[in-house]
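Beneath this line is the structure, given in C-alpha cells, with notes to follow.
Numbering (our numbering), first residue to last: 1275 to 1890.
Spelled out as C-alpha cells, the structure:
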C-alpha cells in the first residue's frame, strides 16, 4: 500500500488496512461468511472478562507487589495463555503509538466492521456483561467498607446505589450510576471535615474509574441502546488499550501512587497556605512585621547552633541537639505568631492549586495570575523581614557580646570559614547544591505538616480532647480551648518539628555515608554571615569574600523559595488532575504579567482589598 493517499481514503496505514478489510467484507459475501465463522470460533474460545473488567482499573495489590509483578513481566518470559483475550490484545497494542489511528476518522470504519461481524461478536458482548458484573461487585464491596460507609449519605447498606448496581438490569444502570456519583460527592465533601485517608481516596478513585468503565460497556450489552458509530466503539478500544500500556509502565504506576499520596496531604497544606497570602497593604506590612520577628528569633537559633557545633558531640547527639534547637525555635515562632519566610512557598503552592481546581474554564489562568503575584509579594515581604531583622539583630548581639566579654562572638578563623561557606562559586563551596537541597527539605516539611494535620483530624483528636474525662477536672471551656488550639496549630507543629529534624539530621546522614552534605537556609545563613562580618570586619574577611557571601545569600534565598514552591506546585497540580496543557501555560502567563506589571510582584497596588485570611 505504498504511494500517496488516494483522496477520500484514510491517510494512516492502519486506517487504510481497516478500510480495505471492511470494503472486502461488504463486497464479497463468501469472505464475510468466513470472517464471521472464524471470528465467532476465536471469540467463543477466549475469555474477555479480564480485558474489559480489570485492565486499566485499580487493583487491590500494594505498590510493592505491583512493582515486583511488573518487573517480573518485563524481565522474564511469560507463559502463553491462548484463551485470554487480554494477552492477545497486549501483543497487538504495545505502546500508545499503536493507538494513534484511533481518531474520529476511525469511527465509521469501526461501525461498519461491527455490522459486518454480525452475531459473531456475541461472545464479546457476553464477556462485557460478565465484566460489568465483576466491576459492580467490586465497587459495591469497596463502598460497603466501614471507612467509606461512615462518610456516605446513605446510612444503610441496602440504601446505597452501589449496592443496587449489583442487582440492576443494564437499562437501570445509568440512573444508578448518576446516583452513585452523587454518593461519591458526599463522601468527598465529608473528607474536608473528617480528614483524608489514603484508603478512602484510593477507594474513591477505584469506584469512579469503575463507573466510567461500566458506562463505556453498557451500550454493547443493553439491547435497548443503539450503538453510536461516532464514539462508543473507539472509546472502549482506547480505554483498554491505554490500560494495557499503563499496566506495563513503571512510570504510570509511580505517577498514580504519587497522585494519591499528594491528595492525602495537599488538602490540609492548601488550607494552611491560604493564611500566608496577603492582598492589601495593611496585610503586607503585618506580614513584614511578623517576618521581622521571625528574623529576630532566628538569631537565637544560629547562636545555639554554633554552641552545639563547638561542643564536638557524637554525630547522633549533634543531630539530636541541633534538631531540638531548630524545632524549638520554629515552634516558638509559630506560637508567638512570627513568620519564617521559607515555610511559605510549599504551603501557598497548595492553596494555588486548590484555586485552579475551583475555577474551571479557559479563562481561569487569567484569574490565577494575580493570585500568583499576591503570593510572590507576600513571600518577598517575608524574606525582606526575615533577612533585615536577622542582619540588625546579629550586629546588635555581637556588639553587646563584645561589650560584655571583650571579644566578638566568632573568632577570626571561624568567621572567615563561615563567610567562605556561602560562596556561590561551585568550585569553592557547595552553596548552590546545598541551597537546592534545603529547598527540597522545606518542601518535604510541608508534606509532613499536611500529613500531621490530616492525621489529627482523621483520628478526631480535637473531638477526643473535648470529650475527655479530664474535662471534669479542668472544665469544658478549657478543654475546648485546648482542642481548638490543636486544630489551629497542628500543621505548624508538624511542619516546624519535621523541618528541624530534617535540617539537623540530613548532614549527619551524609557523613554516615561519606557524603559532604550540608544545608543552607536563607535566614540562618544571613545570621551566620552577619556574625562573621561583625566579628572579623569586611577587611578581615576580605572584600571579595564578603561580596561573594552576600551574593551567596541571594542565591540561597532564590533556591530555597524556588525549589520548594516549584516542587509543591507540581505535586499539587498533579494531585488535582490539572491538565498538562494548562500546567505548561501557567509560567508563560505569569511571565507576561511580570513584564507588564513587575512592581505588583513586590508590593501591593493601592486598590488591593484585604482577604479573609491572616497569616501565621
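For each residue, glycine too, the CB sits at the ideal point set by N, CA and C.
Item                                                                                                                                                                         : Value
Cα separation between residue 1789 and residue 1719?                                                                                                                         : 22 Å
Does DSSP classify residue 1321 as helix, strand or coil?                                                                                                                    : strand
Within this structure, are the beta carbons of residue 1519 and residue 1444 separated by less than 8 Å?                                                                     : no
Below 8 Å CB to CB, which residues in the same chain sit around residue 1571 once its five sequence neighbours on both sides are set aside?                                  : 1603, 1606, 1607, 1610, 1612
For residue 1329, collect the residues of the same chain with a Cβ closer than 7 Å to its Cβ; drop the 5 residues on either side in sequence, then sort them by chain order. : 1360, 1514, 1517, 1518, 1521
Taking the alpha helix (DSSP H) that residue 1763 belongs to, which residues open and close that run?                                                                        : 1750-1786
Under 8 Å by Cβ, that's how I've got residue 1713 and residue 1837 pegged, so tell me the actual separation to the nearest angstrom.                                         : 3 Å
Would you be able to state if there are at least three C-beta pairs under 8 Å between the region 1586-1594 and the region 1751-1760?                                         : no
Could you work out which residue in 1378, 1345, 1322 is closest to residue 1355 when comparing CA atoms only?                                                                : 1322
How many Å lie between residue 1401 and residue 1324 at the Cα?                                                                                                              : 9 Å
Considering only C-alpha positions, which residue in the set 1688, 1770, 1791 is nearest to residue 1808?                                                                    : 1688
From residue 1291 to residue 1348, what distance separates their C-alpha atoms?                                                                                              : 31 Å
Below 8 Å CB to CB, which residues in the same chain sit around residue 1929 once its five sequence neighbours on both sides are set aside?                                  : Residue 1929 lies beyond the range of the chain shown here (1275 to 1890); nothing can be said about it.
Check whether the region 1648-1656 touches the region 1868-1876, counting contact only when three or more Cβ pairs, one atom from each stretch, lie closer than 8 Å.         : yes
For residue 1328, does the three-state DSSP call read helix, strand or coil?                                                                                                 : coil
Are three or more beta carbon pairs between the region 1372-1387 and the region 1292-1303 nearer than 8 Å?                                                                   : yes
What span of residues does the alpha helix (DSSP H) with residue 1728 cover, start to end?                                                                                   : 1705-1732
Spatial neighbours of residue 1827 within its chain, please: C-beta separation below 8 Å, excluding the five flanking residues on both sides.                                : 1661, 1696, 1796, 1799, 1800, 1803
Are residue 1596 and residue 1577 close, meaning C-beta to C-beta below 8 Å?                                                                                                 : no
Residues in its own chain within less than 7 Å of residue 1250 by CB, not counting five upstream and five downstream?                                                        : In the structure displayed, the chain extends from 1275 to 1890; residue 1250 sits before or after that span and is not available.
Helix, strand or coil: how does DSSP classify residue 1358 here?                                                                                                             : strand
For residue 1770, count the other beta carbons within 10 Å of its own beta carbon; 16 or more makes it buried, fewer makes it exposed. Which is it?                          : buried
Identify which residue in 1840, 1774, 1456 has its Cα closest to the Cα of residue 1710.                                                                                     : 1840
Does DSSP put residue 1420 in a helix, in a strand, or in coil?                                                                                                              : helix
Between which residues of its own chain and residue 1820 is the CB-CB distance below 6 Å, once the five residues before and five after are set aside?                        : 1812
Can you give the Cα-Cα distance for residue 1424 and residue 1708, rounded to whole angstroms?                                                                               : 46 Å
In angstroms, rounded to a whole number, what distance separates the CA positions of residue 1566 and residue 1418?                                                          : 52 Å
Do residue 1655 and residue 1558 have their C-beta atoms within less than 8 Å of each other?                                                                                 : yes
Using a Cβ-Cβ cut-off of 6 Å (strictly less than) and excluding sequence neighbours within five positions of residue 1464, which residues of its own chain qualify?          : 1425
Among residues of its own chain, excluding the 5 on either side of residue 1810, which ones have a beta-carbon nearer than 7 Å to its beta-carbon?                           : 1686, 1689, 1690
May I have the straight-line CA-CA distance separating residue 1776 from residue 1459, to the nearest angstrom?                                                              : 37 Å
Quick check on residue 1352: does DSSP put it in helix, strand or coil?                                                                                                      : coil
Note down the Cα distance separating residue 1830 from residue 1793, rounded to an integer number of angstroms.                                                              : 10 Å
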